[in-house]
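S.K.: Sharing a structure below in structure tokens format, with a few things to ask.
There are 2 protein chains.
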Amino acid sequence: MSSSPSSGPGLSPRTGRPRRAAADAAILEATRAALVELGWSKLTMGDVASRAKVAKTTLYRRWANKSELVIDAVALLFDELDLPDRGSLAADVEGVVLRFAELLDRPETKTALMAVVAESTHDPALQARIRTSIVDRQKRLVLEGRARAQARGELPTETDPAVAARTSSLIFDVIAGAVVHRTLVSSEPIDEAWAHAFTHLILNGLTAVAPPMERG
Amino acid sequence: MSSSPSSGPGLSPRTGRPRRAAADAAILEATRAALVELGWSKLTMGDVASRAKVAKTTLYRRWANKSELVIDAVALLFDELDLPDRGSLAADVEGVVLRFAELLDRPETKTALMAVVAESTHDPALQARIRTSIVDRQKRLVLEGRARAQARGELPTETDPAVAARTSSLIFDVIAGAVVHRTLVSSEPIDEAWAHAFTHLILNGLTAVAPPMERG
DNA sequence: AGGTTTCGCTACGGGTCGTAGCGTAACTGC
DNA sequence: GCAGTTACGCTACGACCCGTAGCGAAACCT
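In order, the protein sequence lines correspond to chains A and B. Under my numbering, the first residue of the first sequence is numbered 4, with each subsequent residue one higher. Under my numbering, the first residue of the second sequence is numbered 4, with each subsequent residue one higher.
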């Protein structure tokens, strides 16, 4: 597979010259910068190497190809997301939608995420890497908000763990999917009014009366 | 911009040798085939040209670059979607989710859609083309289903057209986004159980009791 | 020391891009 | 018919990028 730096330190050889750890950070930073300026298709390995002040061969010793490099460069950004307790389920949902939208608004995030997903449609290994590096890591937000809402009595407590897992996945895909789709496919901005309307829809359903969205 | 064939016939010159119309269809078909076999990054213009039995220069005379070619090649596929009346809003939503998931399951669709979206993050012209060629065309499904549900009395009739437009866009992003995200990002299949649970969520909201999903 | 691995550098074959130039084909208006 | 215009297929080209190989030097271990 790849010689990514994410391979644990236990696997690293105990002999020989150690890899310069700072180079990893420099390369990933350079990759993000190059993505912003050039986009996916015009990003070249040679350019990343020179930005990071590293030989191109060093780059290939650590990552097998462009896709895996970009995944690692972007995965970190998603870890910035947190879910502060805003007192109610509705406020929590609204908050995470806005934070996620903000994250997706950064050019390196949007470009990298879609490009990697596109490549993954023909590369099962890449799919797996996306799931472990991004999807599974972010599901924690849903689990957290769900547990919090259950503690508040806003949501029924789930007994069957299998059902709970399916429901969490469903909610995750609905929230993340809506934000991604509006931002990247429909190319329309996400403001507080949209977040509010979306939250109303998710919590109360389509059959409820029209959401209290500000006119404008 | 581009010399796409979508430029109306009124703009075509009335003199000189006319373009061979069949070549367009052959090129688009070849593009889809190449996408399936090679994926986005390994698809080359030369390969498409030879598949379509057309000179590479002819290809460049009609499309400016790979992205615009791929958009035109894929936009047609989305027109296949329709929305048969299944008797209720819930059944309609469930139906369109399954049909859309089916469409996204085809390798040429998923590969092309994501790749083009990724490129569009650095190309406003491409964004506009995606909106007109795909997004706006598919919103008709939402409008259709909504009108049908209102006729049945399942949804309140909207008076303010601006509010109605915003609501339709919201619903579109939620439905399409959830399907796209689960299929392409989470890499999990969409079956009838998921469609059922999703529909329940959209119609009744998160605060309702757990959806009647078959155990398994 | 000796062994091992990384690093920077250079160089290379193979492939793709997008364009230019040519002769020819098709169609229009005089 | 004939000149004018545009599309077509073909070849060739410079520019660029990919991913790898080989080298000497550096950094760490026992």
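Every residue gets a Cβ at the ideal spot worked out from N, C-alpha and C, and that includes glycine. All values derive from a computational prediction rather than experimental measurement.
Within a Cβ cutoff of 7 Å, which residues of the same chain sit near B:A104, ignoring the five residues on either side of it in sequence?
M.R.: Stepping through the second sequence from its first residue, residue 104 of chain B is reached at position 101. Hits under 7 Å: V182, T186 and I193.
S.K.: Once DSSP output is grouped into helix, strand and coil, what is the label at B:P8?
M.R.: By one-based count along the second sequence, residue 8 of chain B stands at place 5. Its pLDDT being 45, under 50, B:P8 is placed unreliably by the model, and the measurement read from it follows with that caveat. Correct three-state label for B:P8: coil.
S.K.: Can we say the region 136-148 of chain A touches the region 71-80 of chain A, given the rule of at least three CB pairs closer than 8 Å?
M.R.: yes
S.K.: In the DSSP assignment, the alpha helix (DSSP H) including A:L209 goes from what residue to what residue?
M.R.: For the purposes of this step, residue 209 of chain A is identified with residue 206 of the first sequence, where counting begins at 1. Here A:L209 belongs to no alpha helix (DSSP H), and DSSP marks it neither H nor E.
S.K.: With respect to the alpha helix (DSSP H) encompassing A:D95, which residues constitute its N-terminal and C-terminal limits?
M.R.: Residue numbering aside, residue 95 of chain A sits at position 92 when the first sequence is read from its first letter. Run containing A:D95: L92 to D108, per the alpha helix (DSSP H) assignment.
S.K.: For B:A37, go through chain A and note every residue whose CB falls closer than 7 Å to its CB, in chain order.
M.R.: Taking the first residue of the second sequence as 1, we reach residue 37 of chain B at position 34. Chain A residues near B:A37: none, gap ~12 Å exceeds 7 Å.
S.K.: With 9 Å set as the bound, which would you pick, yes or no: does the beta-carbon of A:Q153 sit closer than that to a beta-carbon of chain B?
M.R.: Residue 153 of chain A sits at position 150 when you count from the first residue of the first sequence. No, because no Cβ of chain B sits closer than 9 Å to the Cβ of A:Q153.
S.K.: Between the region 118-125 of chain A and the region 164-182 of chain B, can you find at least three pairs of beta-carbon atoms closer than 8 Å?
M.R.: Short answer: they don't touch.
S.K.: On the three-pair Cβ rule with 8 Å, is the region 41-57 of chain A touching the region 112-120 of chain A?
M.R.: yes
S.K.: Within the 9 Å Cβ cut-off, does B:K59 reach chain A?
M.R.: The sequence position of residue 59 of chain B within the second sequence is 56, counting from 1. Closer than 9 Å: no.
S.K.: Check the Cβ-Cβ distances between B:L209 and every residue of chain A, and say whether any is below 9 Å.
M.R.: Start at 1 with the first residue of the second sequence, and residue 209 of chain B comes out as number 206. By this cut-off, B:L209 is an interface position.
S.K.: Run down chain B in chain order and give the residues with a C-beta less than 9 Å from the C-beta of A:I205.
M.R.: Your numbering for residue 205 of chain A matches position 202 in the first sequence. By Cβ distance, chain B contributes V177, L204, I205, G208 and L209.
S.K.: Are the beta-carbon atoms of A:L86 and A:G156 separated by less than 9 Å?
M.R.: One-based indexing of the first sequence puts residue 86 of chain A at position 83. One-based indexing of the first sequence puts residue 156 of chain A at position 153. For the pair A:L86 and A:G156, the CB atoms are not nearer than the 9 Å cut-off.
S.K.: Quick one: give me the first and last residue of the alpha helix (DSSP H) that A:V145 is part of.
M.R.: Translated into the one-based positions of the first sequence, residue 145 of chain A becomes position 142. Element bounds for A:V145: D139 to R155.
S.K.: Express the C-alpha separation of A:E40 and B:L38 in angstroms, rounding to a whole number.
M.R.: Working through the second sequence from its first residue, we reach residue 38 of chain B at position 35. Working through the first sequence from its first residue, we reach residue 40 of chain A at position 37. When only Cα atoms are considered, B:L38 and A:E40 end up about 27 Å apart.
S.K.: Go through its chain and collect everything with a Cβ distance to B:L129's Cβ below 8 Å, but skip five positions before and after it.
M.R.: Locating residue 129 of chain B in the second sequence gives position 126, counting from the first residue. Excluding positions up to five away in sequence, the list reads S70, E71, I74, V119, E122 and S123.
S.K.: Just the Cα atoms here: how many angstroms apart are B:A211 and A:L158?
M.R.: For the purposes of this step, residue 211 of chain B is taken as the residue at position 208 of the second sequence. For the purposes of this step, residue 158 of chain A is taken as the residue at position 155 of the first sequence. Between B:A211 and A:L158, the C-alpha separation is close to 8 Å.
S.K.: Put A:I193 into one of helix, strand or coil per three-state DSSP.
M.R.: Your numbering for residue 193 of chain A matches position 190 in the first sequence. In the three-state DSSP reduction, A:I193 falls in the coil class, being neither helix nor strand.
S.K.: Whole-angstrom Cβ separation of B:A95 and B:R151, contact assumed at under 8 Å?
M.R.: Here residue 95 of chain B is taken as the residue at index 92 of the second sequence, counted from 1. Here residue 151 of chain B is taken as the residue at index 148 of the second sequence, counted from 1. Note on identity: in this sequence residue 95 of chain B is Asp, with Ala being the wrong assignment. Right, their Cβ atoms sit about 7 Å apart.
S.K.: With a threshold of 9 Å between beta carbons, is B:L79 in contact with chain A?
M.R.: As a first step, residue 79 of chain B must be located in the second sequence, where it is residue number 76. No, because no Cβ of chain A sits closer than 9 Å to the Cβ of B:L79.
S.K.: Taking Cβ positions only, does A:T34 come closer than 9 Å to chain B?
M.R.: Within the first sequence, numbered from 1, the residue matching residue 34 of chain A stands at position 31. Answer no: the Cβ-Cβ gap between A:T34 and chain B never drops below 9 Å.
S.K.: Roughly how many angstroms lie between the CA atoms of B:D50 and A:T170, to the nearest whole one?
M.R.: Reading the second sequence from its first residue, position 47 is the one you call residue 50 of chain B. Reading the first sequence from its first residue, position 167 is the one you call residue 170 of chain A. Roughly 44 Å separates the two Cα atoms.
S.K.: By Cβ distance below 7 Å, which residues in the same chain neighbour A:A33 in space, the five residues on each side in sequence not counted?
M.R.: Within the first sequence, numbered from 1, the residue matching residue 33 of chain A stands at position 30. The answer, listed in chain order, is V51, R54 and A55.
S.K.: Closer than 6 Å by C-beta to A:T253: which residues in its own chain qualify, once you throw out the five before and the five after it? Chain order, please.
M.R.: With chain A covering only 4 through 219, there is no way to say anything about residue 253 of chain A.
S.K.: Less than 7 Å between C-beta atoms, sequence neighbours within five positions excluded: which residues of the same chain meet that for B:V145?
M.R.: Stepping through the second sequence from its first residue, residue 145 of chain B is reached at position 142. Hits under 7 Å: S171, I174 and F175.
S.K.: Can you tell me where the alpha helix (DSSP H) with A:E71 in it begins and where it stops?
M.R.: The residue given as residue 71 of chain A occupies position 68 in the first sequence. Here the alpha helix (DSSP H) through A:E71 covers K69 to F81.
S.K.: Got a sec, what are the start and stop residues for the alpha helix (DSSP H) B:E32 sits in?
M.R.: Counted from its first residue, the second sequence places residue 32 of chain B at position 29. Unbroken alpha helix (DSSP H) run through B:E32: A24 to L41.
S.K.: Measuring alpha carbon to alpha carbon, tell me which of B:R132, B:R89, B:N68 and B:R23 ends up nearest B:K57.
M.R.: The sequence position of residue 57 of chain B within the second sequence is 54, counting from 1. As written in the sequence, residue 57 of chain B is Val, which differs from the Lys given in the question. It is B:R23 whose Cα lies nearest to the Cα of B:V57.
S.K.: Cutting at 7 Å between CB atoms, please list the residues of its own chain near B:R102, excluding the five before and the five after it.
M.R.: The residue given as residue 102 of chain B occupies position 99 in the second sequence. In its chain, beyond the 5 residues on either side, L84 have a beta carbon closer than 7 Å to the beta carbon of B:R102.
S.K.: Taking 9 Å as the cut-off, decide whether the C-beta atoms of A:Q153 and A:T160 are in contact.
M.R.: Here residue 153 of chain A refers to the residue found at position 150 of the first sequence. Here residue 160 of chain A refers to the residue found at position 157 of the first sequence. Contact flag set, yes.
S.K.: Taking C-beta to C-beta, are B:L92 and A:L92 nearer than 9 Å?
M.R.: Position 89 of the second sequence, counted from the first residue, corresponds to residue 92 of chain B. Position 89 of the first sequence, counted from the first residue, corresponds to residue 92 of chain A. The answer is no: Cβ separation not under 9 Å.
S.K.: Between A:V188 and B:I133, is the Cβ-Cβ spacing less than 9 Å?
M.R.: By 1-based counting over the first sequence, the position of residue 188 of chain A is 185. By 1-based counting over the second sequence, the position of residue 133 of chain B is 130. Yes. Within cutoff.
S.K.: Can you have a look at A:G42 and say buried or exposed, based on whether 16 or more other CB atoms are within 10 angstroms of its CB?
M.R.: For the purposes of this step, residue 42 of chain A is identified with residue 39 of the first sequence, where counting begins at 1. When all chains shown are included, A:G42 counts as buried.
S.K.: Within 9 Å (strictly less), CB to CB, does A:V3 reach chain B?
M.R.: Here chain A comprises residues numbered 4 to 219, so residue 3 of chain A is not present and cannot be evaluated.
S.K.: Do you know offhand how far B:P164's Cα is from A:R65's?
M.R.: Taking the second sequence and counting its residues from 1, one reaches residue 164 of chain B at position 161. Taking the first sequence and counting its residues from 1, one reaches residue 65 of chain A at position 62. Taking the straight line joining both Cα atoms gives about 55 Å.
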